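Chemist: Following our numbering from start to finish, the sequence shown increments by one per residue and tops out at 940. Cβ coordinates follow ideal geometry from the N, Cα and C atoms, glycine included. Keep in mind the model is a prediction, meaning the values are calculated, not measured. Quick one: structure below, then a few questions.
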Amino acid sequence: MSGKWVVLLLVLAVMVSGCPNEEAVARYRKQETARRLDELEKTARMRQQKLLALEAELTKLRADRNELKTLLEETKELLKGGAVPAEKVFRFEPVRVDFSFLTCAIDTDKKKGDDAIAAFVSLYDQFDTGLKAAGSFRFDLFDLARSKDHVIQSWSFTPEEAARYWQRFPACYQFKLPFGGKVGVEEVVLKVTFRQTGKKELTATQKLSVEQP
728 MSGKWVVLLL VLAVMVSGCP NEEAVARYRK QETARRLDEL EKTARMRQQK LLALEAELTK
788 LRADRNELKT LLEETKELLK GGAVPAEKVF RFEPVRVDFS FLTCAIDTDK KKGDDAIAAF
848 VSLYDQFDTG LKAAGSFRFD LFDLARSKDH VIQSWSFTPE EAARYWQRFP ACYQFKLPFG
908 GKVGVEEVVL KVTFRQTGKK ELTATQKLSV EQP
């Protein structure tokens with residue numbers, strides 16, 4: 728029921744009872760006005776925050792557009808001159824691999840303890856933009872408590888296999904790495920290695936906690 732109807736009913740009740748109380752009605756109206764102003768202020772703040780976020784996103788998109796425009800102009804000039812250096816044309820290639828914060832040990836069989844790792848892996852070009860690229864992935868799980876080179880388990884994916892693990896949201900490769908048995912330690916390090924033919928290997932590591940059975 729809206730505030731206007733509440734005030735109207737209150738006035739009618741007072742009139743019927745024969746005990747007019749204008750002070751109570753005025754007090755209620757003041758409270759209702761204050762509540763409404765508070766709601767409007769909250770709505771205004773939320774919209775202002777959303778506007779600022781949209782403005783920041785727009786600024787980034789404009790910068791990306793200008794950067795792409797510059798790259799296109801540079802490429803056109805190079806093409807006019809004949810031979811085009813590969814590093815000038817093939818710009819969008821992976822130069823870094825990294826784990827997402829979503830990467831963690833998981834329980835898939837509903838029994839006590841983790842039995843797999845959900846690995847979220849992203850590739851980035853020289854502009855730090857995420858991208859999809861053909862290449863193989865290898866994962867190695869280390870127990871650093873024993874030695875820095877002690878591998879507990881490894882998983883490998885060919886370029887064809889890895890392509891099936893690409894997801895649009897979040898935009899990254901999403902692998903499920905099942906444990907072959909009991910891990911036996913609570914703290915491990917997961918290493919990913921991305922390989923492309925004729926290219927430098929890209930690696931990254933992530934510390935993980937594993938819940939034991």
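I need the straight-line Cα distance from residue 821 to residue 840, nearest angstrom please.
Modeler: So the two alpha carbons sit approximately 36 angstroms from each other.
Chemist: Does any CB atom of chain C fall closer than 8 angstroms to the CB of residue 878?
Modeler: Among the chains of the structure shown, chain C does not appear; only one protein chain is present.
Chemist: Should residue 898 be labelled buried (16 or more other beta-carbon atoms within 10 Å of its own) or exposed?
Modeler: Classification of residue 898: exposed, given that the 10 Å Cβ count is below 16.
Chemist: Exposed or buried, residue 933, counting other C-beta atoms within 10 Å across all chains shown (16 or more means buried)?
Modeler: Under this definition residue 933 is a buried residue.
Chemist: If we count Cβ pairs, one from each stretch, closer than 8 angstroms, do we get three or more for the stretch 825 to 840 versus the stretch 863 to 879?
Modeler: Counting Cβ pairs under 8 angstroms, fewer than three are found: no touch.
Chemist: Under 8 angstroms, with one C-beta from each stretch per pair, do the stretch 879 to 894 and the stretch 849 to 857 reach the 3-pair mark?
Modeler: The stretch 879 to 894 vs the stretch 849 to 857: no contact.
Chemist: What do you get for residue 878, buried or exposed, if any count of 16 or more other CB atoms within 10 angstroms of its CB means buried?
Modeler: With fewer than 16 other Cβ atoms within 10 Å, it is exposed.
Chemist: Just checking my contact of residue 906 with residue 836 at CB under 8 angstroms: how many whole Å lie between their CB atoms?
Modeler: Rounded, the Cβ-Cβ distance is 11 angstroms, inconsistent with contact.
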